[in-house]
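Oh and the sequence shown: position 269 is 269 in my numbering, straight run, nothing missing. The beta carbon of each residue, even a glycine, is placed where N, CA and C say it ideally should be. All figures in this text were calculated on a predicted structure; none of them were measured in a lab.
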Amino acid sequence: MGKTQVSEWAKSRCQVMEDRGFRSSRALSTSDKIRLMRSFGRPRVLIVDDEAIVRSTCERALSRAGYNPVPAGSGAEAVAAVERDTFDAMVLDVRMPDVDGPMALVAIREHDRDIPCVVMSGYSAFEDAVQCLRAGAVDFIEKPFEPEMLLDAVDRAVATNYQRVDSALLSATKQIFSSLDVLDVTHRFLSLSCKLLDVSETSLTLCDPALGPGTFRARADVPNDHVADGAPIPSSTWRRVAESATPLLLSKGEESDVPVLSAVASDAKEAIVHRLAVEGRNLAFLCGSRSAGARAFGERDLRRFAVVSEHVAQALENARRHAEVASRARG
């Protein structure tokens, strides 16, 4: 894997994993654990419980551990929160008066299929907890619990979800490595891009002279229709992106972000952009945006872009080197 930003949170949580020897990380080296827990900020955890004292207890424990906890006092409130925003994990109570845990989890999965869920429940609600596990929850803690139990469960949920998504992304991008033609690699990636990145629209702008300049776009509703945009995007527009080693979340609310957004995602309120580079050589720029009304981007989306960008950059570099060798052979 290439160099990706590792936040202080990620380093501290990896040390905790090392000290506690989780079952999910015991066989991993320190570098592997850092790769799994690498972060671009403080991961957001949605806490769903109708009891204020439980929410505040969870908030304190998670905040002290470096997470960014967000409370929700009901199942309906949690569903609305996930519809608006992206979270790295969720802690969900089973028994709530309006929408119970199993019902809430099913509704939440309709908006975010990848959010890892930790269920908390008393003994009397054990059967409901089992329903949540069948619906996709990844862990269970019984009330009352110590803060350390909560942190263990959330750490495991975040780390194992990162590992699962990384493996899925690697498997899905394998087909782009079977070609050494630049345009073929580009079109193969674009046919997968919206699903891989969980976005409505993507664009890939080639910037290395050896690859041939051009911007190609794909939309989720027509994944196999890749539009080549003939309008050149000035290199000055990409300067900020080219200088960043990590994905950037751009918003039209930020004046400095407007030039890039206007060029590559003019209709989007926000977008993630990332350079595709190998050994410091910029090959292309990747942009992804969501349609109006879709949930906001979050930590998991930045990580997803970083992982996918590494694979696509290597595939483009292979194609570039192949073209270079072929050119020399002809000359």
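Using the C-alpha atoms, what's the distance from residue j back to residue i?
i	j	result
residue 181	residue 316	8 Å
residue 189	residue 312	7 Å
residue 260	residue 237	6 Å
residue 75	residue 240	41 Å
residue 215	residue 289	15 Å
residue 138	residue 178	35 Å
residue 194	residue 113	15 Å
residue 297	residue 249	8 Å
residue 136	residue 217	34 Å
residue 115	residue 281	34 Å
residue 48	residue 304	25 Å
residue 168	residue 143	33 Å
residue 253	residue 293	16 Å
residue 338	residue 129	Since the first and last residues shown for the chain are 1 and 331, residue 338 lies out of range.
residue 185	residue 50	50 Å
residue 187	residue 299	27 Å
When the cut-off is 8 Å and only beta carbons count, does residue i lie next to chain D?
i	result
residue 185	Considering every chain present, this structure includes no chain D. It has just one protein chain.
Round the Cβ separation of residue i and residue j to the nearest angstrom and send it over; I've been treating them as touching at under 8 Å.
i	j	result
residue 154	residue 89	5 Å
residue 43	residue 55	Their Cβ separation, rounded to whole angstroms, is 18 Å, which puts residue 43 and residue 55 out of contact at 8 Å.
residue 210	residue 233	Not quite, the Cβ-Cβ distance comes to about 18 Å (not below 8 Å), so this is no contact.
residue 242	residue 275	6 Å
Classify residue i: buried if its beta carbon has 16 or more other beta carbons within 10 angstroms, exposed otherwise.
i	result
residue 176	buried
residue 53	exposed
residue 310	buried
residue 102	buried
residue 330	exposed
residue 326	exposed
Per DSSP, residue i forms a beta bridge with which residues?
i	result
residue 108	None, per the DSSP bridge assignment.
residue 282	277
residue 68	44
residue 139	118
residue 288	202, 272
Indicate, with yes or no, if the ligand GTP has a heavy atom lying under 7 Å from the CB of residue i.
i	result
residue 213	The model depicted lacks the ligand GTP and carries no ligand whatsoever.
Assess contact between the stretch 141 to 150 and the stretch 54 to 70, defined as three or more Cβ pairs (one per stretch) separated by less than 8 Å. Is contact present? yes
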